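>
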Amino acid sequence: MAFSSSSSVLLRSICPKGSIFRSTCNYHNFVKWSPVLQKNQDSSPWLMLPPEFEGGGGGTMSYKFYNLADNKVQIPSCPSDAIRHLKLTCRGSSHGWLALLRPHHDDFFLYNPITRRHIMLPSIMNLPGFPRDVRKLILSCSPDEDEESCRAVMITTRHELAFCCPGRSKEWTLLSDEKSSTTWEDCVYSAPLKLLFVITNDDKLETWDISSPPKLINITGWNRKKGYFSSSVVSRLNFFYWGAIECLVVAGEDLLLVRRYIMEEVGLDGQCYGSNLDERHPDYVAEDDPAFFEKINKCPSSCNYMTFGFDIWKHDSEEKGKFHYLDSSSLGDLALFVGKHNHGIAIKATEFPGVKPGSVYFTDGYYTGSLEGGPDDRDTFGGGGQDIGIYNYKNKTVSPCYYPCEPSSPKPNLPAPMWFFPSSTI
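Numbering (the UniProt record's numbering), first residue to last: 1 to 426.
In structure tokens:
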């Protein structure tokens, strides 16, 4: 895989020379895709960047957006009633709206940075267990398009699943069983199917109808073949710290399961400083060796992490629970947009200027960051929020998207950038 010159040094230490560039699939798993939303160029995706402030940490806050279509950063005009910095965190981006939360307070609302409209959401403080934060919030549609049918769905930091009707509900309705050991990891809503899909910690896919009253339609286990990375590359990562994140993506009427592979403890020089090396690794140094402490001292005090690959499966709606692995040529002109807080979607790149087909656009999957102390406190956090790029699914390469492909600073992007779609129908 080719990130850059320094990143290639890291990857050569993981895989035999050239092996990561080759596809292991000798066949083409052609997929018949259902229609994907097609929009005009004004709705090309934006990357939401850390905001700017006027008047210091308590002043007016303006979000900045990097427009993929024209390769420019823009700041929507800031009216007199603009949102002010109140230690807000962004916990969702869906259908042209942001979900903003003020931790440890009752302030939780939807915000449209284009129209400046606000919609209050019920407090999360009344939920069982008193969750103090939200992992993710998505919308079934834009409140501007269909306010009566709109549902907001969230997963809390306690991995509870709940929904409400924005602007009308007084409290959240729990979909999860408080006594259950199952936790909910990610969710997407399919507007064409009018169904909510959720993945759990025990490899289950749940299907919900969240109209009134909500109803659990189906629970299935995953039945899938190993992908390129999970079969041919991960076995060679036993010397390093690495992790994987799974998320869902809607592509028209289709549902995709995306597995993302992340190399941890990556220094600013692109090198991996894994501390779990064993005696089989050529760089292994025993703890009783005089060179051990010298090696430890060379490890950066602030390591980061870096995404190095993706595997993607398509859900078989006719065979419940079965996922078909998509080989390197199967995405066609689709482009996927994934991140910790944004609604996972796929669009047709040919309909959106500036978008590369057959790619996965990703933002940081680990780090969230917040504005807890205002912009003056950014130095107090680790160097998160920098794992951003464009992954070519066919060539297994990563290219930059506004930011460098690799950690460039020990300071974080605060808060972590996320995808935003100015069109309310995406």
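For glycine and all other residues, C-beta sits at the position ideal for the given N, C-alpha and C. None of the values given here were measured: they were computed from a predicted structure.
Residues bridged to residue 94 by DSSP?
Answer by DSSP bridge pairing, in chain order: 97.
> Considering just the uninterrupted stretch of the beta strand (DSSP E) at residue 242, what are its terminal residues?
It spans 242 to 251 - the beta strand (DSSP E) in which residue 242 sits, taken as one unbroken run.
> Can you tell me where the beta strand (DSSP E) with residue 132 in it begins and where it stops?
Per DSSP, residue 132 belongs to no beta strand (DSSP E) and is neither H nor E.
> Please work out which residues of its chain come closer than 7 Å, Cβ to Cβ, to residue 74, disregarding the five sequence neighbours upstream and downstream, and give them in chain order.
The residues are 65, 67.
> Just how far apart, CA to CA, sit residue 117 and residue 306?
Cα-Cα distance, rounded: 36 Å.
> Under 8 Å, with one C-beta from each stretch per pair, do the region 252 to 261 and the region 325 to 345 reach the 3-pair mark?
Taking 8 Å as the limit for Cβ pairs, the verdict is that the region 325 to 345 does touch the region 252 to 261.
> Sort 225, 167, 134, 393 by Cα distance to residue 329 and report the nearest one.
When only C-alpha atoms are compared, the closest one is 393.
> Between which two residues does the beta strand (DSSP E) containing residue 314 stretch?
Residue 314 -> beta strand (DSSP E) spans 304 to 315.
> If we count the other Cβ atoms within 10 Å of its Cβ and call it buried at 16 or more, is residue 148 buried or exposed?
Exposed is the call here.
> Can at least three beta-carbon pairs, one atom from the region 344 to 360 and one from the region 242 to 256, be found at a separation below 8 Å?
Touching, per the Cβ criterion.
> My guess is that residue 164 and residue 157 are in contact by the Cβ rule of under 8 Å, so how many angstroms apart are they, rounded?
Incorrect: roughly 17 Å between the Cβ atoms, too far for contact.
> Closest by CA to residue 396, which one among 217, 359, 423?
Considering only alpha carbons, the answer is 359.
> What are the boundary residues of the beta strand (DSSP E) that residue 349 is part of?
It is not in any beta strand (DSSP E) - residue 349 carries neither H nor E in the DSSP assignment.
> Run through the DSSP bridge pairs and tell me what residue 341 is partnered with.
Residue 341 pairs with nothing; no bridge assigned.
> Mind checking which residues open and close the beta strand (DSSP E) that includes residue 326?
Looking at the DSSP string, residue 326 is not in any beta strand (DSSP E), and its letter there is neither H nor E.
> If residue 92 and residue 422 are in contact, beta carbons under 8 Å, what's the gap, nearest whole angstrom?
Rounded, the Cβ-Cβ distance is 16 Å, inconsistent with contact.
> Identify, in the order they occur along the chain, each residue of the same chain with its Cβ nearer than 7 Å to the Cβ of residue 401, setting aside the five sequence neighbours on each side.
These residues qualify, in order along the chain: 47, 361, 388, 389, 390.
> Strictly by DSSP, which residues pair up with residue 74?
65.
> So, for residue 309: in the same chain, excluding its five sequence neighbours on each side, which residues have a beta-carbon less than 6 Å away from its beta-carbon?
Only 229, 261 meet the Cβ criterion.
> Any idea if residue 442 is buried or exposed, counting beta-carbon neighbours within 10 angstroms, 16 or more meaning buried?
A query on residue 442 cannot be resolved here, the shown segment of the chain reaching from 1 to 426 and no further.
> Out of curiosity, what's the CA-to-CA distance linking residue 342 and residue 322?
The straight-line gap from Cα to Cα measures roughly 25 Å.
> Give the straight-line distance between the Cα atoms of residue 355 and residue 333, rounded to the nearest whole angstrom.
Distance between the alpha carbons of residue 355 and residue 333: 10 Å.
> Please classify residue 327: is it buried, with 16 or more other beta-carbons within 10 angstroms of its beta-carbon, or exposed?
So residue 327 ends up on the buried side.
> Considering residue 118, what are the terminal residues of the beta strand (DSSP E) in which it resides?
Its beta strand (DSSP E) spans residues 118 to 120.
> Which residues does DSSP list as the beta-bridge partners of residue 397?
392.
> Using 8 Å for Cβ pairs, my map puts residue 88 next to residue 417. What's the rounded Cβ distance?
Going by Cβ atoms, the distance from residue 88 to residue 417 rounds to 15 Å, so no, they are not a contact pair.
> Which class does residue 421 belong to by DSSP, given the choice of helix, strand or coil?
Reduced to three states, the DSSP call for residue 421 is coil.
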